[in-house]
Amino acid sequence: MHEYSLFLSLLKIIEDQLKPFKNPRVSKAVLLIGEFSGIDLEYLKEVIKNFKRGTPLDRAEIIFEEEPLKVRCFSCGREGEPQENKALCPFCGSFEVKIIGGLDLILKTLEIEDEEGFSN
Ligand SMILES: [Zn+2]
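Last residue of the sequence shown: number 120 in UniProt numbering, and the count goes up by one each step with no gaps.
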């Protein structure tokens with residue numbers, strides 16, 4: 001149930017972001033799923049579909065985007081997507097790289113509507 005605990009931590013992040021609003025409604029959420037996150041995207045979609053009722057995601061449009069593995073090179077300073085999924089620099093071939101993307105589930109965008117409007 002890895003995907004289910006991801007869903008719970010995602011909800012926690014979203015609820016934190018909703019705190020400043022009076023009567024918020026999430027209209028859209030964009031999730032970035034790393035190519036090397038080990039997440040089963042189809043299963044995650046199932047989990048969200050089955051458990052979103054009563055959560056802030058209930059009426060939201062949920063977009064899933066896949067993020068490829070991405071590295072930053074310490075030798076040439078560039079950032080890019082390595083070839084053949086190897087953690088080395090796609091420009092100079094150095095192994096002195098840091099993985100900066102493609103390993104996590106990230107909440108990329110959250111569109112919030114406050115149903116109280118701006119009438120203050
Ligand atoms: Zn390089």
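Backbone N, C-alpha and C fix where the C-beta goes; we use that ideal spot for every residue, glycine too.
Identity of the residue in Glu61, Glu3, Phe7, Asn50 nearest Ile112 by Cα: Glu61
Relative to the C-alpha of Val97, which residue among Asp114, Leu110, Glu81 is closest? Of the listed residues, the one whose Cα sits closest to Val97 is Glu81.
Any heavy atom of ligand 1 inside 8 Å of the beta-carbon of Gly101? Gly101: no, Cβ never under 8 Å from ligand 1.
Which residues in the same chain as Ile13 place their Cβ atom closer than 6 Å to its Cβ, once the five residues preceding and following it in sequence are excluded? Leu107
Fully enclosed by the segment 82-116, which beta strand (DSSP E) runs are 3 residues long or longer? 97-101, 105-114
How big is the Cα-Cα spacing for Lys70 and Leu32? 13 Å
By the 10 Å Cβ neighbour count, where 16 or more other Cβ atoms means buried, how is Ile100 classified, buried or exposed? exposed
Collapsed DSSP secondary structure at Ser27 in the structure displayed: strand
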